[in-house]
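Q: Let me begin by handing over the structure; questions about it come next.
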Amino acid sequence: MRNVLVTGGAGFIGSNFVRHLVTTTDLDVTVLDKLTYAASRESLDGLPADRCRLVVGDVADAPLVDDLVGTHDAVVHFAAESHNDNSLNDPTPFVQTNLVGTFTLLEAARRHDVRFHHISTDEVYGDLDLDDPQRFTEATPYNPSSPYSATKAGSDLLVAAWVRSFGVRATISNCSNNYGPWQHVEKFIPRQITQLIDGLRPRVYGDGLNVRDWIHVDDHSSAVLTILERGAIGETYLIGADGEQNNRDVVAQLLAIFGRDADDFEHVTDRAGHDRRYAIDSSKLRTELGWQPQFGDFATGLADTVEWYRANEGWWRTSKAATESMYARQGQ
Ligand code: NAD
Ligand code: DAU
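The opening residue of the sequence shown carries number 2 in my numbering; numbering runs sequentially from there.
Take a look at the structure:
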C-alpha cells in the first residue's frame, strides 16, 4: 500500500486519523471532504504538503469519486453526517451522504478492486438497559433508533452486500463515542467544556443517566490502522476502550476541573428517542489483531481535552454561537 484516500478527513475523527497516518506510516494521504459546517481546514494545518493533499468534493459525486478511488490503494471512509440531533431536525443530508455517498464509493471500489475500510458506529445496535450485563459484540442484531444511526446501519449493510455479492475487499469497524481535540462544539463534551469556559452552565438532556462508552480519538485511529493493515476481508470489528460513564458523571468531572459546584448544571429537554446506554465488547479486535487502547485514564484524557479547548478558542468560537442558537430553538 502506498497511498490512501481518506473521506471526511477534515472532520473530527478523520483529521486525527490523517495525522496518525502521516506520523506513524510512510503512506501518502488524499483527503476527500465536502467541507460541511462540521469540517475545518485548520485541522490539517502543518501536515507535509508532499504527503497530504485535500480535495474538496462530495462522496456522492460519482465521476470525482471514480477518479480518486482509481488512483489509490485503499479507501478509509469517515465522511458522514454525524450528529443525532441534526438528523432529528432534517434527515435529508444523512440519507444522501451516509447512504448514497457510501454506495458511490463502493461502486468505485468494486470497479477498481480497491481495499475499502468503512467507519461506523456502535449506535447501529440500538441501546442497552442500564442494568443489562451484556455489551455489544459483532453478533448483536442491528436495531438503530435515530435517522443518523439508521443511515449508518444501512451503509454497513451496503458494505457487507458488496463484499458478498461483488467480492469488494472491505472491512467495517463500529466504534463507541470519541472525545479529544477538533471535535465540533455541537457534541456533548466540547459543548459542556465551552459552556464552562464561557462561565455558563452545562446542559444535560433528560435525567442525565444515559451512558456512553468513551474512547480517546487517538485510540480509534490506531484501531482503524490496525484493521486496515491486518483485518480479515469481510469482517467487522468493534472498537471500544471500556469507558462507560453516564452523562451526569462526565459533567461532574468537568465542573470539578473548572472549580464549580457539582450541581451547577441545567437539565434541558430530552432528545427524542434518546438511546439509554451503549457498551462495547472489543475482545475480537484485541485477541485477533492484538490492538490495545493507550488512553486508559479518562480523567487525564478529559483534562487534556479541556486544555486543548482553552488553547484553541479561535477555532471553536464562531461555531459555538451558531450551535447554541440551534439548540436554543429546540429548548436544549
Ligand atoms: P464529523 O461530523 O466531525 O466529520 C464528518 C466529516 O465528513 C466532515 O469533515 C464533513 O465535511 C465530511 N462530509 C460530510 N458530508 C460529506 C460529503 N457528502 N462528502 C464529503 N465529505 C463529507 O464526524 P466525526 O465525528 O469525525 O465522525 C466521522 C465518522 O466516524 C462518521 O462516519 C461517524 O459515523 C463515525 N463515528 C463517529 C463517532 C463519534 O463519536 N464521533 C463514533 C463512532 C463512529
Ligand atoms: O456512539 C457513537 C456515536 O457517538 C457516533 O456515532 C456519533 O456520530 C456521535 O455524535 C456520538 O453520538 P451521541 O448521540 O452519543 O453523542 P452526543 O455527543 O450528541 O451526545 C452524547 C450524550 O450526551 C447523549 O446521551 C446525549 C447527551 N447530551 C448531548 C448534548 C449535545 C446532553 O446531555 N447534552 C448535550 O448538550
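Here a beta-carbon is modelled for each residue, glycine too, at the ideal position from N, C-alpha and C.
Going straight from the alpha carbon of asparagine 179 to that of isoleucine 198, what length do you get?
A: Whole-angstrom Cα-Cα distance: 21 Å.
Q: Do you know whose CA, among Leu129, Gln293, Arg192, Val205, lies nearest glycine 241's CA?
A: Minimum Cα distance to glycine 241 is reached at Gln293.
Q: Is isoleucine 190 a contact residue of ligand 2, with contact defined as CB to any heavy atom under 8 Å?
A: Within the cutoff, so yes.
Q: Quick one: residues in its chain with C-beta nearer than 6 Å to the C-beta of arginine 3, no 5 flanking neighbours on either side, listed in chain order?
A: These residues qualify, in order along the chain: Asp74.
Q: Check threonine 270 in the structure and name its three-state DSSP category.
A: In the structure shown, threonine 270 sits in coil (DSSP, three-state: anything other than H, G, I, E or B).
Q: How about serine 166: is its Cβ closer than 8 Å to a heavy atom in ligand 2?
A: Not so, every heavy atom of ligand 2 lies at least 8 Å from the Cβ.
Q: Compute every distance between the C-beta of aspartate 34 and the non-hydrogen atoms of ligand 1, then say whether any falls below 8 Å.
A: Flag set: Cβ of aspartate 34 near ligand 1.
Q: Along the beta strand (DSSP E) that carries serine 1, what are the first and last residues, could you check?
A: With the chain covering only 2 through 333, there is no way to say anything about residue 1.
Q: So, does the segment 94-105 touch the segment 194-211, judging by three or more C-beta pairs under 8 Å?
A: Touching, no, given that fewer than three Cβ pairs across the two stretches are closer than 8 Å.
Q: Are the beta-carbon atoms of leucine 158 and tyrosine 143 separated by less than 9 Å?
A: It is a contact, given that the beta carbons lie within the stated cut-off.
Q: Using C-beta distances below 7 Å, list every residue in its chain close to valine 186, excluding the 5 sequence neighbours before and after it, in chain order.
A: For valine 186, where only same-chain residues beyond five positions count, the Cβ hits under 7 Å are Arg192, Thr195, Trp317, Ser320, Lys321, Thr324.
Q: Compare the Cα-Cα distances from proline 148 to each of Gln254, Ile173, Phe117, Ala81 and report the closest residue.
A: The candidate whose alpha carbon is nearest that of proline 148 is Ala81.
Q: In chain order, what residues of the same chain lie with their CB nearer than 8 Å to the CB of alanine 304, ignoring the 5 residues before and after it?
A: Ile258.
Q: Are the beta-carbon atoms belonging to histidine 84 and lysine 188 less than 9 Å from one another?
A: Cβ atoms of histidine 84 and lysine 188: closer than 9 Å.
Q: I'd like the list of long-range same chain contacts for glycine 244, defined as Cβ closer than 6 Å, with 5 residues on each side in sequence excluded.
A: The residues are Asp214, Trp215, Ile216, Phe299.
Q: Compute the Euclidean distance between the alpha carbons of isoleucine 228 and threonine 172, then round it to the nearest angstrom.
A: Rounded to the nearest angstrom, the two C-alpha atoms are 8 Å apart.
Q: Look up asparagine 247 in the DSSP assignment and give the residues it is bridged to.
A: DSSP, once it has assigned bridges, lists Val212 as partnering asparagine 247.
Q: Answer yes or no: the CB of threonine 138 versus the heavy atoms of ligand 2, is any distance below 8 Å?
A: No; taking the cut-off as 8 Å, the Cβ of threonine 138 has no heavy atom of ligand 2 nearer than that.
Q: Three or more beta-carbon pairs under 8 Å between the segment 110-121 and the segment 36-54, yes or no?
A: Because the criterion of three Cβ pairs below 8 Å is not met, the segment 110-121 and the segment 36-54 do not touch.
Q: Can arginine 202 be considered in contact with ligand 2, in the sense that its beta carbon sits closer than 8 Å to one or more heavy atoms?
A: Checking the Cβ of arginine 202 against ligand 2 gives no.
Q: Closest by CA to glycine 181, which one among Ser150, Gly71, Val218, Ser174?
A: If we check each option's Cα against that of glycine 181, Val218 comes out closest.
Q: Put threonine 72 into one of helix, strand or coil per three-state DSSP.
A: In the structure shown, threonine 72 sits in coil (DSSP, three-state: anything other than H, G, I, E or B).
Q: Does DSSP put serine 1 in a helix, in a strand, or in coil?
A: Shown here, the chain extends from 2 to 333; a query on residue 1 therefore has no answer.
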